[in-house]
Amino acid sequence: MNISDSIATIMTTNVVTVSPSQKLIDVKHIYEKKQFHHHIPVVENGKFVGMISLIDFMIAIKDAGLRDDEKVYSEKTVKDIMSVHPFSKSSTASIKDVAQELAKGEFHAVVIADDSILKGIVSTADVIRYFVANS
Numbered sequence: 187m188n189i190s191d192s193i194a195t196i197m198t199t200n201v202v203t204v205s206p207s208q209k210l211i212d213v214k215h216i217y218e219k220k221q222f223h224h225h226i227p228v229v230e231n232g233k234f235v236g237m238i239s240l241i242d243f244m245i246a247i248k249d250a251g252l253r254d255d256e257k258v259y260s261e262k263t264v265k266d267i268m269s270v271h272p273f274s275k276s277s278t279a280s281i282k283d284v285a286q287e288l289a290k291g292e293f294h295a296v297v298i299a300d301d302s303i304l305k306g307i308v309s310t311a312d313v314i315r316y317f318v319a320n321s
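Numbering (the working numbering), first residue to last: 187 to 321.
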């Protein structure tokens, strides 16, 4: 195990993203898929501009049900609920750097971006799996 290796060695690179103008119905459909991370990066014109967490989504929909025709899903957009200026690390960051950030407990996933271009995402679970597999 070499925790000084680049985070690029363990990050998820096939990242599902949304744009700020998309409706919450699109976010709902993403969260309904199995095996999905709880964080969705927001990309506009190829640049990483925000993040939606499952908690952000749940707060936004409040008491809405699971039916697609609930008003909130068609009235609100990603821009209405996304966190702007989210934390990210570059693809040259080490596994240790990202693990230390996640250990602080402020984030449960870190977007990996170079010059605002999304490269991948790493969750706390990804880092734990790395340490378990290499211990």
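Virtual Cβ for every residue (Gly too), placed ideally from N, Cα, C.
Closest Cα partner of T198 within the set S207, R315, M187 = Closest in alpha carbon position to T198, among S207, R315, M187, is R315.
For V284, which residues from the same chain have a beta carbon less than 7 Å from its beta carbon, with the 5 sequence-adjacent residues on both sides left out?
-> I193, K275, V296, V308, V313
Over what stretch of residues does the alpha helix (DSSP H) that includes F234 continue unbroken?
-> Where F234 is concerned, there is no enclosing alpha helix (DSSP H), although the beta strand (DSSP E) it sits in stretches over 233-239.
Taking the alpha-carbon positions, what's the V270 to V258 distance?
-> In a straight line, the C-alpha of V270 is about 21 Å away from that of V258.
Local Cβ density within 10 Å of F234, reported as buried at 16 or more and exposed below that | When all chains shown are included, F234 counts as buried.
Can you tell me where the alpha helix (DSSP H) with E287 in it begins and where it stops?
-> 281-289
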